[in-house]
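In our numbering, the protein residues as written are 1019 to 1132.
Structure record follows, encoded as C-alpha cells.
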Amino acid sequence: MWHVVPDEWKPRLRAHLRAACGEDRDRLSARDFRGDQSVHLTFDDGSFALFRYAFVVLDEAGERCLVLTEHCGYHAFPVGAGGVEVVRSVALSGGQDAEPGAAGDGGRKAGPRT
C-alpha cells in the first residue's frame, strides 16, 4: 500500500520525526504535515515536481529522496543536479485585509526557500 513507508526508509523517517517533533516512531500522522510547506524537486532535464503538504527525507549519500505527502502517499526520486527544496509560504504583511499591492510587488510574494 502507498501509505506504508518502505522498510529501507523507516530509520531515516524515524530520525526525521525525532528531530522534527521529538517523537520516536516510524509511522506518520496528519500532524506531521505542515499546511504551509511544500517540496520542490528539479530534475536534470529542467522539469520539476511540486508537492504540497509534504516533507522530504534524504538517504545518507544525498542521492535519493523520499517525498512524503499528507494526501498522496510517498514518492521516491533520485536527487539530480537541480536538487530538492523545502518551500514554506509566508503571510503577506498586513494579513488578508491589506490593500492590493501593499506588499510593493503587486500583491504577490514568494515564500522563503530553506
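The beta carbon of each residue, even a glycine, is placed where N, CA and C say it ideally should be.
So who's on the other strand from residue i, going by DSSP bridges?
{"i": "C1083", "result": "L1076, F1095"}
{"i": "V1023", "result": "V1023 pairs with nothing; no bridge assigned."}
{"i": "F1069", "result": "V1057"}
{"i": "E1103", "result": "H1058"}
Between the options, which has its C-alpha nearest residue i's C-alpha?
{"i": "K1067", "options": "P1029, R1049, D1077, H1093", "result": "Lys is not the amino acid found at residue 1067; the sequence shown has Ala there. Among P1029, R1049, D1077, H1093, the Cα nearest to that of A1067 is on H1093."}
{"i": "H1034", "options": "E1088, D1077, D1054, V1022", "result": "D1077"}
{"i": "P1029", "options": "R1043, V1022, T1087", "result": "R1043"}
{"i": "R1070", "options": "R1082, G1064, H1089", "result": "H1089"}
{"i": "R1052", "options": "T1060, C1039, L1059", "result": "C1039"}
{"i": "F1095", "options": "E1026, P1024, L1059", "result": "L1059"}
{"i": "A1048", "options": "A1109, V1097, L1110, G1091", "result": "G1091"}
Do residue i and residue j have their CB atoms nearer than 8 Å?
{"i": "V1057", "j": "A1072", "result": "yes"}
{"i": "A1037", "j": "D1062", "result": "no"}
{"i": "L1084", "j": "L1046", "result": "no"}
Give the C-beta separation of residue i and residue j to the nearest angstrom, bearing in mind that I take them to be a contact with Cβ-Cβ under 8 Å.
{"i": "D1054", "j": "S1107", "result": "5 Å"}
{"i": "V1074", "j": "V1102", "result": "6 Å"}
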